[in-house]
Amino acid sequence: MSVDSASGVTVPEPVPAGVVLRPPDSSVRRNQRLLARLGWLYSAPALLLVAAVTIFPIVFSVVMSLSHVTVSGSGFALGGFTGSNYSAMFGAQLWRYALEFTLAYTFGTVLVEIVLGTLVALVLERLTIARGWLMALLLIPWAMVTVISAELWDYIYNGVYGVGTSILHDLGMQQPNLLGTPTAAIISMAAADIWKTTPFVSIIVVSGLVMLPVELTEAARIDGANGWQIFWRVTLPQLRPTLALAVLFRILQAFGLFDLPYVLTGGGPGNKTESLALLGWQTMFSDLDFGPGAAVAVSTAALTLIGCLLFLKVFRSQVGKEEL
-5 MSVDSASGVT VPEPVPAGVV LRPPDSSVRR NQRLLARLGW LYSAPALLLV
45 AAVTIFPIVF SVVMSLSHVT VSGSGFALGG FTGSNYSAMF GAQLWRYALE
95 FTLAYTFGTV LVEIVLGTLV ALVLERLTIA RGWLMALLLI PWAMVTVISA
145 ELWDYIYNGV YGVGTSILHD LGMQQPNLLG TPTAAIISMA AADIWKTTPF
195 VSIIVVSGLV MLPVELTEAA RIDGANGWQI FWRVTLPQLR PTLALAVLFR
245 ILQAFGLFDL PYVLTGGGPG NKTESLALLG WQTMFSDLDF GPGAAVAVST
295 AALTLIGCLL FLKVFRSQVG KEEL
């Protein structure tokens, strides 16, 4: 410290260049602990809410799937540990068909949505006028609640007054029944799903396209590459992370298929459109077999998790090879 001779004010000594003043280590650690406690304190309400609505139901479902469940007029009670619920589930032909149908439905719809969504995104990316308005219009089907859109398509597919039925009849098809036969019901349900979720894929792909550097595309065009070559060898490799994100979201949603078959077909005709999620719901709440129903729900969640992890592993390995 020094005293200014003119004003008599005490001023601190200047800090030499390159010297950084730091508080004592104990003070730094104390401040870090305080900030960490405040962070946990502020996050506690959200964490408790997540635990109450997400973690607890998952844990309880696992416990229920491994227990003897007794149903009575006053509710249900959990008995001792058992693996019979999973044995009954794996041995049921209905579960095996629901698994096959869910896998095939997920693969088919996601593939079509990725292709159509990418094509729509390529068109939107080249627009300079009204792109924002078109993107907003595209979001309307996606923003619509699935049950509401399913009711809309149920009206379209109605065998008496449905618009789709009327169009097919005018085209020469006698007595079209879009939800009455297995093949027609599956195709009709997939069409409704594709109509709703393709815009979601388009928006994701557009966001990836607008962030791509234009230098590589311009260089490829100067070298004489045509539009297809530019897309396949320049745009698509750079777009793979965005496409992987879209595929991951759609797998998570499509594998949990419930709303569309519940509203449109109820799992029928027969059980030809019964997904794993719908099978679990019917087992638990229609048949009141809570143990096997919980086993179906847990197996569905486990298969979804395993599928997503495998997809991410394959995607990362492919990205690593490209970088090398």
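For the sequence shown, my numbering assigns the number -5 to the initial residue and increments by one for each residue that follows. Beta carbons: idealized from backbone N, C-alpha and C, even for Gly.
In this structure, threonine 177 lies away from proline 170, with their beta-carbon atoms at least 7 Å apart. Closest option to leucine 303, judged by alpha-carbon separation, among Ala289, Arg23, Phe243: Phe243. The beta carbons of valine 106 and isoleucine 188 sit about 5 Å from each other, so the pair counts as a contact at 8 Å. Take tyrosine 149, set aside five residues on each side of it, and the residues of its chain with a beta-carbon closer than 7 Å to its own are Gly156, in chain order. Under the three-state reduction of DSSP output, alanine 71 falls in the strand class. Here glutamate 268 is buried: its Cβ has 16 or more other Cβ atoms, across all protein chains shown, within 10 Å. Looking at the backbone, the Cα of isoleucine 245 and that of leucine 299 are separated by about 10 Å. Spatial neighbours of asparagine 79 in its own chain (CB-CB distance under 6 Å, excluding positions within 5 residues in sequence) are listed in chain order as Ser59, Gly285, Pro286, Ala289. Valine 257: member of the alpha helix (DSSP H) spanning 253 to 258, first to last residue. Within a 10 Å sphere around the beta-carbon of serine 143 sit 16 or more other beta-carbons, which makes this residue buried. Assignment of threonine 64 by DSSP, reduced to helix, strand and coil, places it in the strand class. Excluding five sequence positions before and after phenylalanine 225, the CB atoms of its chain that fall closer than 8 Å to its own CB belong to Leu116, given in chain order. Counting only the Cα atoms, threonine 100 lies some 32 Å from valine 63.
With fewer than 16 neighbouring CB atoms inside 10 Å of its own CB, tyrosine 36 falls in the exposed class. Taking each of Thr229, Arg310, Gly262, Ser280 in turn and checking the Cα distance to alanine 92, the smallest one comes out for Gly262.
Leu128 is the residue among Leu128, Leu110, Val109 whose C-alpha sits nearest the C-alpha of leucine 118. Taking the Cα positions, serine 20 is about 44 Å away from proline 235.
Scanning the region 110 to 137 from its first residue to its last, the whole alpha helix (DSSP H) runs of 4-plus residues come out as 125 to 137.
In the structure shown, the three-state DSSP call for leucine 303 is helix. Nearest to glycine 74 by C-alpha distance, out of Ser68, Ile216, Leu32, Val57, is Val57.
Per DSSP, glutamine 223 is one residue of the alpha helix (DSSP H) stretching across 221 to 224.
In the displayed model, leucine 206 falls within coil according to three-state DSSP, outside both helix and strand. A straight line joining the alpha-carbon of leucine 273 with that of alanine 71 spans about 22 Å.
For serine 269, the secondary structure class from DSSP, reduced to helix, strand or coil, is coil. Excluding its 5 nearest sequence neighbours in each direction, glycine 250 has C-beta neighbours in its own chain below 6 Å: Ala271, listed in chain order. For arginine 234, the enclosing alpha helix (DSSP H) begins and ends at 230 to 249. Bounds of any alpha helix (DSSP H) do not take in valine 47, whose DSSP letter is neither H nor E.
A straight line joining the alpha-carbon of alanine 40 with that of isoleucine 49 spans about 13 Å. Nearest Cα to leucine 206 within the set Phe194, Gly221, Val228: Val228.
Contact between valine 200 and isoleucine 108 does not hold, since their C-beta atoms are separated by about 14 Å, which reaches or exceeds 8 Å. In its own chain, leaving out the 5 sequence neighbours on each side, no residue places its CB closer than 6 Å to the CB of glycine 85. In this structure, the alpha-carbon of alanine 186 lies about 10 Å from that of threonine 192.
Boundaries of the alpha helix (DSSP H) around serine 78: 78 to 84.
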